[in-house]
Amino acid sequence: NLVRRQDHEGVWASYFYPQQLQPAYWALRAFNVELAALPDQVSNQMIGRMRFQWWKDAVKGLYEVSP
1 NLVRRQDHEG VWASYFYPQQ LQPAYWALRA FNVELAALPD QVSNQMIGRM RFQWWKDAVK
61 GLYEVSP
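In full-length UniProt numbering, the protein residues as written are 1 to 67.
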């Protein structure tokens with residue numbers, strides 16, 4: 001998967017987390033890999049900022065309560 005291919009330290013660190021925390025751990029590491037790769041994926045700084053803002057809004061939306 002994404003983390004196993006690009007975050008070798010994260011894979012090793014995963015062995016220290018209890019089994020019940022593994023899904024959350026892998027989700028956060030994958031999110032970290034995605035964010036860390038953004039600067040290499042864009043050719044324009046403004047586009048990179050827009051992508052970071054998209055992620056920021058997406059995460060914020062997870063915590064907003066809709067009626």
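From the three backbone atoms N, C-alpha and C, an ideal C-beta is built for every residue, glycine too.
Since we're looking at a predicted model, the values are computed, not measured.
Sorted by chain position, which residues of the same chain lie with C-beta nearer than 6 Å to residue i's C-beta, five sequence neighbours on each side aside?
i	result
residue 71	Because residue 71 is not part of the residues shown, which for the chain are 1 to 67, the question remains open.
DSSP three-state call for residue i: helix, strand or coil?
i	result
SER43	coil
SER14	helix
ASN1	coil
residue 78	No information on residue 78 is available, as it lies outside the stretch 1 to 67 that the chain covers here.
VAL33	helix
GLU64	coil
Among the candidates the options, whose CA atom is the shortest distance from the CA of residue i?
i	options	result
ASN1	ILE47, LEU21, LEU62 and PHE31	PHE31
GLU34	ALA13, ASP7 and SER43	ASP7
Leaving out the 5 sequence neighbours to the left and right, which residues in its chain are closer than 8 Å to residue i when beta-carbon positions are compared?
i	result
TYR17	TYR25
Below 8 Å on the Cβ atoms is my contact criterion, and I expect residue i with residue j to pass it. Report the Cβ-Cβ distance as a whole number of Å.
i	j	result
VAL3	ARG29	5 Å
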